[in-house]
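So for the sequence shown, the UniProt record's numbering puts the first residue at 73; every next one is plus one.
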Amino acid sequence: SSVEQSYIMIKPDGVQRGLVGEIISRFEKKGFVLKGLKLFQCPKDLAQEHYKDLKEKPFFPGLIEYITSGPVVCMAWEGDGVVASARKLIGATNPLQAEPGTIRGDLAVQTGRNVVHGSDSPDNGKREIALWFKEGELCEWESVLTPWLVE
Ligand code: DAT
Ligand code: MG
Numbered sequence: 073s074s075v076e077q078s079y080i081m082i083k084p085d086g087v088q089r090g091l092v093g094e095i096i097s098r099f100e101k102k103g104f105v106l107k108g109l110k111l112f113q114c115p116k117d118l119a120q121e122h123y124k125d126l127k128e129k130p131f132f133p134g135l136i137e138y139i140t141s142g143p144v145v146c147m148a149w150e151g152d153g154v155v156a157s158a159r160k161l162i163g164a165t166n167p168l169q170a171e172p173g174t175i176r177g178d179l180a181v182q183t184g185r186n187v188v189h190g191s192d193s194p195d196n197g198k199r200e201i202a203l204w205f206k207e208g209e210l211c212e213w214e215s216v217l218t219p220w221l222v223e
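Written out as structure tokens, the structure is:
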């Protein structure tokens, strides 16, 4: 696989429940590189744009209400295969079906309060990072750990 970026977001329940450090730590320990990070109160129109593919779903209004109910933590993570790997670290959409060891499997019980978002494709990773971060908010840097993680 090639170097790609995923948009990972800790949802308002994750922030309120004090899970920010725990969740960031899982991506750090895995070996991905953090390129962008901010605490952010999301306006409704941005939440609607982010979840536009779901706008016909019955749960859409509740989803927008939830995502805009408090600050979220926006992150851009980079690495080989980060998009699919992050989805595995996050676990199934329904936390009751998520495997133990995953973020949702360990830390959540309900689909409507599943603590974290992760992009579902490299193209959506790009789209979502461009949507949630402004020009200049991402850092271009190399981690000194990279040679110890990839040969
Ligand atoms: P994921 O977040 O695992 O990519 P998704 O893209 O299908 O899942 O849906 C986005 C979010 O919408 C999901 O994290 C929680 C909410 N959601 C999805 N299906 C739902 C449902 N049946 N009832 C309530 N909320 C739902
Ligand atoms: Mg999704």
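All C-beta atoms, glycine included, are put in the ideal place defined by N, C-alpha and C.
Mapping the DSSP letters down to three states, classify residue i as helix, strand or coil.
i      : result
Val188 : strand
Leu210 : coil
Val87  : helix
Glu137 : helix
Pro172 : strand
Glu223 : coil
Leu217 : coil
Phe205 : coil
Phe112 : strand
Val154 : helix
Ala119 : helix
Glu76  : strand
Looking at residue j and residue i, is the spacing between their C-beta atoms short of 9 angstroms?
i      : j      : result
Pro84  : Val144 : yes
Leu161 : Arg98  : yes
Glu150 : Lys101 : no
Ala158 : Ala164 : no
Gly184 : Phe104 : no
Tyr123 : Leu135 : yes
Gly142 : Gln182 : no
Between residue i and residue j, what straight-line distance do the alpha-carbon atoms span, to the nearest angstrom?
i      : j      : result
Glu207 : Thr140 : 22 angstroms
Pro194 : Thr174 : 21 angstroms
Arg176 : Ala202 : 25 angstroms
Glu121 : Pro115 : 10 angstroms
Val92  : Ile82  : 7 angstroms
His189 : Tyr79  : 8 angstroms
Asp125 : Leu179 : 26 angstroms
Ser74  : Ala119 : 29 angstroms
Arg199 : Ile95  : 22 angstroms
Leu210 : Leu111 : 14 angstroms
Trp213 : Ser191 : 22 angstroms
Asp152 : Pro133 : 35 angstroms
Within 10 angstroms of the Cβ of residue i, are there 16 or more other Cβ atoms? Answer buried if so, exposed if not.
i      : result
Gln77  : buried
Gly86  : buried
Val222 : exposed
Val154 : buried
Pro167 : buried
Trp204 : buried
Leu217 : exposed
Val187 : buried
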